[in-house]
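Here the protein sequences come in this chain order: U and F.
In terms of our numbering, the first sequence opens at residue 1 and continues consecutively.
In terms of our numbering, the second sequence opens at residue 1001 and continues consecutively.
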Amino acid sequence: MSACCACTTDNWAELERGYRAMLPEPVLAFIDENRNRPHSESMLIATLHMVQAHFGHLGPGHLEAVAQLMQIPLAKVTGAATFYHYFRLQPRGKYLINVCLGTACYVKGAEKVAQKLSDELGIHFGETSKDGIFSLESTRCVGTCGLAPVVMIGDEVHGPLTPGQVPALLESYLARAAEELVQS
Amino acid sequence: MSQMINLTIDGEPILVPAGTTVMDAAETLGIHIPRLCYHPELSLEGNCRVCVVQVEGFDHCLASCATTAWEGMEVQTNSPVIREARRDIVELLLDNHPKDCQTCDRDGVCELQNLAYRMGVRERHFEGKRKQFPIDDAGASVVRNAEKCILCGRCIRVCGEVQGVFNLSQHGRGFTTVVGPANLAPMDESACIQCGQCVSVCPTAAFLEQDHTERVWKALGYPRTEKHVVVTTAPAIRAALGEAFGLPMGTPVTGKMVTALRRMGFDAIFDVNFSADLTIMEEAHELLKRLEGGGPLPLLTSCSPGWVSFLEKFYPEMIPHMSSCKSPMQMQSTLIKTYYAKQKGMDPKDIYVVSVMPCVAKKFEAARPEHTLDGMPTTDAVITTRELAQMIKSYGIDFTRLPDSDFDHPLGTSSGAGDIFGATGGVMEAALRTAAFKLTGKNLGNLELTAVRGVTGEIREASISLAGKTLNVAVANGLQNAKVLLDAVKRGEKDYHLIEIMACPGGCICGGGQPYPPIGTYTMNHDLAQARAKALYRIDSGKTLRCSHDNPDIQKLYADFLGEPLGPTAHELLHTHYTARTPRGIR
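Spelled out as structure tokens, the structure:
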């Protein structure tokens, strides 16, 4: 054997260490528990749920770690993650704003409220504000049509809302975020 | 005997074995049901719906590729309802497809274009918003153009089922569904090994090779005092190039190819087969050295760049097993810029090397930083067989009427062992011919080692007795098969001395850069692979010079320039090294 091919070795141990460091312990335990079970690849979506519950979103590094540790091709993992609306690929803001675009809210002017939110925050649906405080999403009916048009921020319901009330509402959450920052 | 089933297709009764699909049953009656996502060598997807038929008792159409015939079934393949449904399906596919057939690389060899013509689509009835995606053309080898993609999924299937790479998947959903590597990353940053089988199976131009024809035209346009343009052709080209000019599958066209290249203005026309012989000299000595020195065994062949990338990404722990020999293409280019340059008294900077390859991955190989000489690439351009055919047509050469002519010297003479490099099992056979001579001091009585001649899509094993030693060898084509072999070796189940691996199913003759088969014939087709392989074996058996070590020009090269096989000069110029790469592939 010529000397020139003796300079590389397997890089798996090092890679595996790196990938394990990217995921929290419960997710690693779940992956390890399922590894040698039949059809362990069918646990992919359940695993992604756990990762998203922990981080709030699925980043490229998380997906790669899941793929490598579960030994499922990365293209399949990102294919599944991009197929389901539930999975978020961008980090989520501290407060998730859900604008109801259900029938009742819509006829009561939800679209104008949504436009105002979008303008104020400088983001579209599915995006997160630069300061990482707000994410903007739409939803279909939160079951409080009597308050239409309704906006949920975190798990708090606000309505009926006019576009003019939007800046003050956002301001109150910004103040709350600042206060929490000071306390911590 | 399996149970037989009676059914009627278009009113004609037919008897077929149970389990036959409606599509295959129709085929036996001479009825070719139009199809698009179907590929006989891949799993069924049934997603394009082009092959729909009407079945008595059903108020909806059934996909004939995915429907198994049953007793008493009555099928209509051409009723007015079906003809309209099929045409609507094709029209809807076209509505979401660019209207640039005239300037498309697949013009004339596009399955979608052909289908639309056959269906009688003469105008577009549906006009709506069309999907728009960026083109990924940054890769060294493969270009992905999702706008041309019709989501048939053949590329996803070949990449996973045949190559075991699983680099492609559908992303997103609905209107924005797009096929690509993980995270839609650029091809060269993905697990892609550049084999180009996605290019081969794609019915449209969603996957293509990176174009190098423009840089070749440019090189040919330089004044001859400035650039000396050398072309060198791989073994598999001569067995397939003729197909692009309407010649029957497996027509050897070596002489016409050389004449065409000479007419195009290349200054010297060399044969990569010469360096295939050289590879064998080095690799056979490497094998003998490892047999004497205790390993590491098995020795893995290193000619196929798709396989090299696969090893680096999927089995990096096996790198020490890989032969350190450069591929024949890289040996040839290195010799052109050293040995040949010296003979001609030229500065290697003034030589432009064009390689003609059946392979898409060779473009990536040529761009590897290991393959440079004083900072310049040894191979300047790599064109596929398809690209060469296009250039010959563009030049206006009437290929089929060309007279034969011979390669130039000193890098143009090859033994039959070099010719068979293009077929699965060929490298193994060539290596064993020379290893046998080195071990026993004489050539094998029967040079044709049919036991190692590979079969498309299958693993071949053999034990060969040489000078009291038994050599266990194995041959794999298609990287899913390579995985099976490597895993068996890793588990300690198999004790091989030499393994030949070619990335593409059937070997280089069915490489990702070979001409698209005529419409109706599919890549990986057994007859196509056999015809091309036979052409190479016929060239070999027709030669008097059949062993690499008997090639007088190889002997002269060692005597005048290289010294001994595996010697210091040979080591410096003809050998390379490999690196574990990321993303690590998932096996």
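Note that CB positions come from ideal geometry on N, CA and C, so glycine has one too.
Please report the straight-line C-alpha distance between A1182(F) and R17(U), rounded to a whole angstrom. 22 Å
Below 7 Å between beta carbons: does that hold for A65(U) and Y95(U)? No; because the gap between Cβ atoms is not below 7 Å, this pair is not in contact.
Interface partners of N11(U) on chain F, CB under 8 Å: P1316, A1580, T1582 and R1584
Check this for me: beta carbons of L1557(F) and I1420(F), under 7 Å apart or not? no
Does K76(U) get closer than 7 Å to chain F when you measure Cβ to Cβ? yes
Strictly below 7 Å CB to CB, what residues from chain F border T82(U)? H1171 and G1172
Does S135(U) pass the burial test, meaning 16 or more other C-beta atoms within 10 Å, or should it be called exposed? buried
Give every residue of the same chain whose Cβ lies closer than 8 Å to the Cβ of A46(U), excluding the five residues on either side of it in the sequence, and list them in chain order. F30
With a threshold of 8 Å on Cβ separation, who are the neighbours of G132(U) within its own chain once the five nearest residues in sequence on each side are excluded? P91, G93 and K94
Below 6 Å CB to CB, which residues in the same chain sit around M1264(F) once its five sequence neighbours on both sides are set aside? Here the set comprises Y1395.
Using CA coordinates, which residue listed in S129(U), A104(U), V107(U) and V99(U) is at the minimum distance from Q115(U)? The option with the nearest alpha carbon to Q115(U) is V99(U).
Anything in the segment 11-45 of chain U with a Cβ closer than 8 Å to a Cβ of chain F? List those residues in chain order, please. Across the segment 11-45 of chain U, CB contacts with chain F closer than 8 Å involve N11, W12 and L15, in sequence order along the chain.
Against chain F, does Q165(U) count as a neighbour if the rule is that its beta carbon must be under 7 Å from one of theirs? no
Cut-off 6 Å between Cβ atoms - residues of its own chain near G1512(F), not counting five sequence neighbours on either side: C1195, G1196, Q1197, V1199, S1200 and V1360
Which residues DSSP lists as bridging T139(U), in chain order: C100(U)
Any beta-carbon of chain U closer than 7 Å to the one on F1166(F)? yes
I believe M1428(F) touches V1473(F) by the beta-carbon criterion, under 8 Å. Please report the beta-carbon distance rounded to the nearest angstrom. The Cβ separation is near 6 Å, so the contact holds.
Assuming V150(U) contacts G164(U) (C-beta within less than 8 Å), just tell me the rounded distance between them. In fact, because the Cβ distance is near 16 Å, the residues do not count as touching under 8 Å.
Strictly under 7 Å for the Cβ-Cβ distance: is Q52(U) near chain F by that measure? Not one chain F Cβ lies under 7 Å of Q52(U).
Proximal chain U residues relative to N1183(F), where beta-carbon distance stays under 8 Å: Using a Cβ-Cβ cut-off of 8 Å, N1183(F) is close to P60, L63, L74 and T78 of chain U, given in chain order.
Rounding to the nearest angstrom, what Cα-Cα distance links Q1332(F) and V1231(F) in this structure? 10 Å
Through-space distance from F1175(F) to E1054(F), alpha-carbon basis: Contrary to the premise, residue 1054(F) reads as Gln rather than Glu in this sequence. Going from the Cα of Q1054(F) to the Cα of F1175(F) covers about 28 Å.
Quick one: list the residues of chain F neighbouring M68(U), beta-carbon separation under 8 Å, in chain order. It should be noted that the sequence gives Gln, not Met, for residue 68(U). Simply R1584 and I1586.
What residue range is occupied by the uninterrupted beta strand (DSSP E) comprising R1460(F)? R1460 to L1466
Would you be able to state if there are at least three C-beta pairs under 8 Å between the segment 1313-1321 of chain F and the segment 1329-1345 of chain F? no
Three-way DSSP call (helix, strand, coil) for I72(U) in this model: coil
How about the segment 1093-1108 of chain F and the segment 1200-1220 of chain F: do they share at least three Cβ pairs that are nearer than 8 Å? The way I'd put it, the segment 1093-1108 of chain F does touch the segment 1200-1220 of chain F; three or more beta-carbon pairs between them come closer than 8 Å.
Between which two residues does the alpha helix (DSSP H) harbouring T1028(F) extend? T1028(F) -> alpha helix (DSSP H) spans V1022 to T1028.
Along the beta strand (DSSP E) that carries K1469(F), what are the first and last residues, could you check? K1469(F) -> beta strand (DSSP E) spans K1469 to N1477.
Using a Cβ-Cβ cutoff of less than 6 Å, which residues in the same chain neighbour P1583(F) once the five nearest sequence positions on both sides are dropped? A1191
At what residue ranges does the segment 112-184 of chain U contain a whole run of the alpha helix (DSSP H), taking only runs of 4 or more? 166-183
To the nearest angstrom, how far is it from the Cα of L1388(F) to the Cα of L74(U)? 35 Å
Please list the terminal residues of the continuous alpha helix (DSSP H) segment that includes N1114(F). E1111 to R1118
Quick one: grab the DSSP three-state call for A1063(F). strand
Amino acids of chain F, ordered along the chain, whose beta-carbon sits closer than 8 Å to that of Q71(U): I1586 and R1587
Return the residue from the list H1571(F), A1026(F), G1457(F) and T1378(F) that minimises the CA-CA distance to A1069(F). It is A1026(F).
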